[in-house]
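Shown next, in structure tokens, is the structure this report addresses.
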Amino acid sequence: MATNVTRLLRQRKIAFTEHHYEANPQLTAEEIAAKVGLDPKRVFKTLVTVGKSGQHYVFVVPSQGRLDLRKAAQAAGEKFVELIPQKELLPLTGYVHGGCSPIGMKKEFPTFVDASCLNFPTIAISAGKVGSQVELDIRPLQFPTAQLC
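Going left to right, the sequence shown walks through residues 13 to 161 as this note's numbering numbers them.
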């Protein structure tokens, strides 16, 4: 089933592979990686923050890692950033927790990807719904990279 993510990737002619697993927002990164047959280091999560200015930012980091908010703020040029409350995710992005993707949000926000993504030819990110991942080379999306973890 097509999602905003897969439609946009096809539209931009960016190659990807879809991976599906039984939808369960409680699964860990390691469990998702095992279900889709990928090294857990190649599975990334999408986190949405808000800066002191009120601007929202998106960060894509290794699922096993933790976003360093100080490094994230520095990458965004903000004094500080904080994660948005989970209840704000759907109205802001159009995505639910566990199915948030940096591609195809309701509105485009500045997006940064952890530099570790460059260690792999492809990484997996959410395809825009729980139970679906897309594996792709993130470079064609031209998101800035930074050390975020």
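In this text, a Cβ means the ideal position worked out from N, Cα and C, and glycines have one as well.
The residue among 155, 141, 152, 148 with its C-alpha nearest the C-alpha of residue 36 is 141.
For residue 110, the closest alpha carbon among the candidates 54, 60, 83 is that of 60. Only residues of its own chain outside the window of five on either side were considered, and among them 90, 91, 92 have a CB closer than 7 Å to the CB of residue 64, listed in chain order. Below 8 Å, too few C-beta pairs join the segment 100-118 and the segment 81-88 to call them touching: fewer than three.
Take the alpha-carbon of residue 118 and the one of residue 105: they are about 5 Å apart. Counting the other CB atoms within 10 Å of its CB gives residue 147 a total of 16 or more, which places it among the buried residues. Distance from the CA of residue 115 to the CA of residue 134, rounded to the nearest whole angstrom, comes to 16 Å.
Residue 136: not part of any alpha helix (DSSP H); member of the beta strand (DSSP E) spanning 135-138, first to last residue. Under the criterion of beta carbons closer than 8 Å, residue 160 and residue 126 qualify as touching, at roughly 4 Å. For residue 53, the closest C-alpha among the options 136, 155, 145, 150 is that of 136. Between the C-alpha atoms of residue 103 and residue 66 there is a straight-line separation of about 16 Å. Ranking 62, 70, 74, 27 by CA distance to the CA of residue 50 puts 74 first. The shortest CA-to-CA distance from residue 123 to any of 40, 155, 18 is the one to 155.
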